[in-house]
Each structure stands twice: as structure tokens, then as C-alpha cells.
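Just below is one structure, and these are the notes that go with it.
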Amino acid sequence: MDLRIPDTIAFAEEVAVGFTQFRAHLPEYSAEITNLIANLYATSATLTSLEGLTRQFPRNYARIKPDLQLLLASLCYTLDEITTSFKKLDRKRLDSYRYVWLDLDSYFREESSYTLKRRLTRYKMFLQELEDMMQNKAPNAHFMAELRSSLTTLLSEQDGRLAARLAGFSIGRPDSSVSSSLDPGSPIEHHGPGKRRSYERARPGVGPSHFPPISPTSSSQGAAPPWVPEVPSSPTSTTTATTMSNLSSAVLNDHWARDIFADDTFSTPIPADGESSKCLGEDVEDIKEWLHTEGFDEVAYLSFNEDSSNLSVSFYVREDDNRARILCKVQRTRRSSKYCCLPLNMLEVRRVGSCLQFCRRRNSGTKLIPWLNLNFRTIEKMVTFFCTFLALRSQDSRRQVHNLRDYELHAEKEKFGGLIVDDSYLHALRIYKDRISGSIRLQASIHQGEMERAPVWTAFITPYIESSFWARRIGKRVVLRDLRRIILYPEYTPPRTSRGEHILKFTSEADAEDFIAVIDKLALTD
């Protein structure tokens, strides 16, 4: 038995206890911190199980010893780095926990190009595979090889950093006081060519140093992973699959899309027109296990069983880089299902009657191949799904989609367009009226920059416009008494008055005046 196991068990639990203090002081990160604590205790529990199995199956220990030593070495480096950061806490300062937390996040991303959460998850999965081997269960060789390669690379980086420190070199992390004060989404004035200007939004939660651009001519050595990663050909072990299914990440529990389809306040029917819901993609074996292994979490789900299609659709997002995928499940029998999955940036959406058709682009986008057809009964569900798809696709930092042609729904006519300063950013505000259902809605979209036309929020306003007291203009501002916004961007804060009324701050009085005029006209003709 490796004598380091008991010490590592205690070490992991000590770090878990230390993180509980951060959870109390940083409520906005409580979900992520809870996930770290759970992973640390799960790692401790698996190490405890391994310790007992080495006595029960002593001959099997030789099989796992090299891998176990690899993992323990890397894990101890990680735990030691965390406890070293804990010692920097100044409990007299209210912001000390935030600085240390952001410092840790920056350090681990720099060291391995992914988060501490993902690293601890890999440790735990690797240990569970070793636990299976100790019990004479056949491991997943492909899955084990991927985890082993990842840990070997990580340990090499950790060894190199330690050697540099011992040699007197300074391989430090970024200054926490600087990194914590710069928010990549904040409206800071930038200067110089190619820099983002004030009022322009950037993709949320991704710093430029973490995800360098992928060059088509880059060599494979040291290059970023391919933008459409291959799905593993062999399944993960039963233990890993079960664990990952139960490990739906708490980090994305507060994702803006989490309850996006829950609101049924408005239900405007669409006349049924089009084929039933169906997925034309190829069945991908073990795709759900692969998604969890790669760090993806389900953030939104919608069933289409109303038309007897036995189809459901989920959106998955990876926290590290906002990579977004769509997963379709078709229930064939009680025990058999078909799963299809694609990155959102491989798809283009178009409306046909009451359906949204998602197509793969071929021949530089000149040819569209149907992949998924979804039939909706209400315009609200259709618009919400459409906007969610566009927003998730635009926030994906791995590969940008160019030459967009699907940013508007067919049969919706734009009745107004103007610029507003919204949550300190410049947005384009439009009024759309659906020719088929008669529904009227607002949509605010990013006006300039790499995410131009990406929706930030939308709101259905048909029931409101009939009231003469709903909207009033005060110079460049329009105040709305009520508005149910569907938020499509992280950490967006709707501007409101002290009485809770919604503010639309136009950049010109002419736009504000035109907005009111269009609303009045729609109220008379609706």
C-alpha cells in the first residue's frame, strides 16, 4: 500500500473544510465552491476505499501502482497550492476571500488551461477507474489512456514550476489585485486598433489569455483541442458513467438558460403548419457520458412529446469556454433511445410555419442539410427557443460563426429599430410583430463588435400595449410600468426606477419619440 494515501485523505478533507469558509463569504460563487467541496470529499472516499482494497486484493495493487503514484503526486501538488493560498487570507479585510479565490482560479487556469473544478473531477474519475481495477472489473482502456495522458502533462507542468522556484526563478501567477479588478465584460474604454471599444460587449467569462485563437496551420503539439472534438469510440466504465450522471455541476445551476422555458405567462397559439418534431442526425453512442467527461453540463431542456414524437432537446454548456452543444433524444422503446449531438456553431436555423428547422451548413453555407425539426404550439416557446439557440451560439468562445443569416425569424416584421444604452452597454432595440400569430415583442441585441446581433433579452408585450398608462416618455427615456424580460446574457441587470419600472434609455429623443409612436399605432391596429 502507498503510505501517502492516509495523509492525502486527511489533506483533501482539510482543504474541503477550508473551502467552506469561502462559500460563506462569497455567496455568488457558492455553487462552484460547493462542487469543489463535494469533489474533494468524493476523492477522499475513493482513496479510503482503495486503501481497504489493497488489503483485500494485494496482488492487484501492482497493476494500479504506477497510475496511483502519478495521481497522488499531482493531487498533492494541487492541494498544497490551495493551502498555500489559504495562508494569504487576511480576515480583517472583507475582500480578502475574493482576491484569494480569483487568484486561485487564475493560477489553475494558467497551469492547465482549465478550471480547478474540472481538474478535481478528473482526479476523482481516474481514482474510480483504479478502484474498478482493484475489484477485477475491466477498465475502459481508451478512457483511462486519455485521463493518464492529461495527468502526465499536468504533473510535468507542476514539476517544472517547482523546479523553477527552487532554482530561484519567478514563475508567479498574475497579480491578484489587478486580475480581480478587471472584468472582461465591463464597459472599460479600450484604445488602439483591434481593441474593444466602450459600450461593446465581449463573450462572457473568457479572458483572452486563456483561450488563444486556433490557427488552421498550427501544429498539433501544444495546440488547442479541435473545435469539434471526436466522441470516444468506446464507453466509459459503469462507475464513471453513473458518477458523472449524478454529478450535474452545481456551477452552472445559475446559468441564465437554466429555467428559460419555465415561464408560461403568455401562450399565443400558432396554427399547426409543418412536419412533426423529428431528428435526422446519426445516433451517437455514449454521448451523454462523453459530454459529462468533457465538462459539459445541461442548462436547458424542452420536451416535444405533445405531437407524439417522443423527442426531447437539451442544451449543454461547458463552463471553461462557454462551448455549447445541442443534444436530441428520441425514445424508441422503453429501454432504447437514439441520441444525436452537434455543436451549435455547426447549425443554422430557419422558420417554416410553426416549425424551427436546424440545418448543417455545407459548401461554405450555400447548402443547408436538415438535421432537426421542432414543431411548436405557441409563438412564445418558439421565440424563446430561437433566441436561446442564437445566444448560446454567440457566447461560445471556441469558434465564431460568420456570415450570419439566421438572426431574424421568418414571418416576423420589424416595426421599430433604435439604439439604447442598456446595462451600461449599447444595444439595438427592435419591435417585432409576428404575421402568423399577431404576437408583438421587444428584443435588445448587441449592436457592435464580434457578437453583433446576438440577443441579450426579449419580452412579449402584446397584452401591455393596449394600456395608455403602460409607456411614457421623459426626454430620451421611455419608462414601462411592466415588462417580463427573458434574459439571454449572464449577469445582465435590467435598468429600473426606484419603483421597479423598466427604463429604456435611448441615445436620441427622436428614437424615444418614434418608439412611443409605434407602440401607439400597434395598440390601435392589434
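To convert, note that position 139 of the sequence shown is 139 in UniProt numbering; the numbers rise steadily by one, no gaps. Where is the CB? At the ideal position from N, CA and C, for every residue including glycine.
Reference residue i; option with closest CA among the options
i: Trp-256; options: Lys-288, Glu-298, Ser-276; result: Glu-298
i: residue 529; options: Gln-448, Cys-76, Leu-94; result: Residue coverage of the chain in this structure runs from 1 to 526, which leaves residue 529 outside it and unanswerable.
i: residue 527; options: Thr-458, Glu-285, Lys-433; result: What the structure shows of the chain is the stretch from 1 to 526, and residue 527 is not part of that stretch, so it cannot be assessed.
i: Trp-371; options: Ala-411, Ser-397, Arg-148, Ser-277; result: Ser-277
i: Lys-415; options: Leu-426, His-402, Asp-423, Gln-443; result: Gln-443
i: Gly-438; options: Thr-525, Tyr-492, Phe-57, Ser-467; result: Thr-525
i: Thr-54; options: Thr-366, Asp-254, Gly-417, Leu-130; result: Leu-130
i: Ile-503; options: Glu-491, Leu-429, Glu-452, Arg-435; result: Leu-429
i: Arg-472; options: Arg-499, Ser-508, Phe-515, Thr-507; result: Phe-515
i: Lys-137; options: Ile-287, Asn-60, Val-17, Gln-21; result: Asn-60
i: Asp-283; options: Ser-150, Ser-267, Gly-353, Lys-329; result: Lys-329
i: residue 532; options: Gly-475, Pro-494, Leu-483; result: There is simply no residue 532 to check, as the chain begins at 1 and stops at 526 in what is shown.
i: Met-413; options: Phe-11, Asp-103, Arg-109, Leu-522; result: Per the sequence shown, the amino acid found at residue 413 is Lys instead of Met. Of the listed residues, the one whose Cα sits closest to Lys-413 is Leu-522.
i: Pro-58; options: Arg-98, Pro-139, Leu-116, Met-133; result: Met-133
i: Val-479; options: Glu-513, Arg-453, Glu-452; result: Glu-513
i: Asn-373; options: Thr-293, Gly-274, Tyr-301, Asp-422; result: Gly-274
i: Arg-453; options: Thr-497, Gln-395, Tyr-492, Ile-379; result: Gln-395
i: Ile-379; options: Thr-493, Thr-497, Arg-91, Ala-272; result: Ala-272
i: Ser-30; options: Lys-65, Trp-101, Met-125, Leu-70; result: Trp-101
i: Tyr-99; options: Glu-111, Phe-86, Arg-109; result: Phe-86
i: Glu-466; options: Ala-38, Lys-433, Asp-520; result: Asp-520
i: Val-401; options: Asp-95, Leu-347, Ser-149, His-427; result: Leu-347
i: Phe-11; options: Lys-65, Ile-33, Leu-72, Ala-62; result: Leu-72
i: Arg-484; options: Ala-141, Ala-262, Ser-397, Phe-376; result: Ala-262
i: residue 527; options: Gly-281, Ile-326, Gln-357; result: Outside the modelled stretch of the chain, which goes from 1 to 526, sits residue 527, for which no answer is possible.
i: Cys-355; options: Ser-424, Ala-24, Cys-279; result: Cys-279
Contact belief for residue i with residue j at Cβ below 8 Å, rounded distance in angstroms
i: Ile-260; j: Thr-384; result: 6 Å
i: Thr-43; j: Leu-120; result: 7 Å
i: Arg-393; j: Asn-345; result: 6 Å
i: Leu-409; j: Arg-361; result: Not a contact, Cβ separation roughly 18 Å.
i: Arg-481; j: Glu-501; result: 6 Å
i: Thr-458; j: Arg-441; result: 6 Å
i: Val-518; j: Ile-431; result: 6 Å
i: Phe-296; j: Val-349; result: Between Val-349 and Phe-296 the Cβ distance is about 21 Å, and since that is not below 8 Å, they are no contact.
i: Phe-126; j: Leu-155; result: That belief does not hold up - the Cβ atoms of Phe-126 and Leu-155 are roughly 12 Å apart, past 8 Å.
i: Arg-318; j: Glu-294; result: 7 Å
i: Leu-40; j: Val-15; result: 6 Å
Identified DSSP bridge partners for residue i
i: residue 534; result: Within the shown structure, residues of the chain are numbered from 1 to 526, placing residue 534 beyond reach of any answer.
i: His-502; result: Leu-480, Arg-496
i: Arg-441; result: Tyr-432, Phe-460
i: residue 535; result: No answer is possible for residue 535: the residues shown for the chain start at 1 and end at 526.
i: Leu-302; result: Val-313
i: Pro-370; result: Cys-359
i: Lys-413; result: Lys-433
i: Gln-331; result: Ser-337
i: Cys-76; result: DSSP output for Cys-76 lists no bridge partner at all.
i: Gly-259; result: This sequence places Asp at residue 259; Gly is not what is there. In the DSSP output, where bridge partners are listed per residue, Asp-259 has none listed.
i: Arg-487; result: The identity of residue 487 in the sequence shown is Ile, whereas the question assumes Arg. Its beta-bridge partners are Trp-457.
i: Ile-474; result: Arg-477
i: Phe-296; result: Arg-318
i: Pro-269; result: Thr-378
Backbone secondary structure at residue i - three-state DSSP
i: Pro-495; result: coil
i: Ile-5; result: helix
i: Arg-109; result: helix
i: Tyr-425; result: strand
i: Ala-512; result: helix
i: Gln-395; result: helix
i: Val-518; result: helix
i: Leu-344; result: helix
i: Tyr-464; result: coil
i: Ala-523; result: helix
i: Phe-389; result: helix
i: Phe-376; result: coil
i: Ile-446; result: strand
i: Asp-406; result: coil
i: Ile-82; result: helix
i: Asp-254; result: helix
i: Val-284; result: coil
i: Val-352; result: strand
Any non-hydrogen atom of the ligand GTP within 7 Å of residue i CB
i: Ser-30; result: Annotation note on the ligand GTP: not contained in the displayed structure, which lists no ligands.
Note to self: Quick check for students: name the residue ranges of the alpha helix (DSSP H) that lie wholly in the segment 7-74, counting only runs of 4 or more.
What the structure shows: 30-56
Checklist line | Every unbroken alpha helix (DSSP H) inside the segment 85-170 [4 residues or more] | finding: 96-112, 116-134, 141-166
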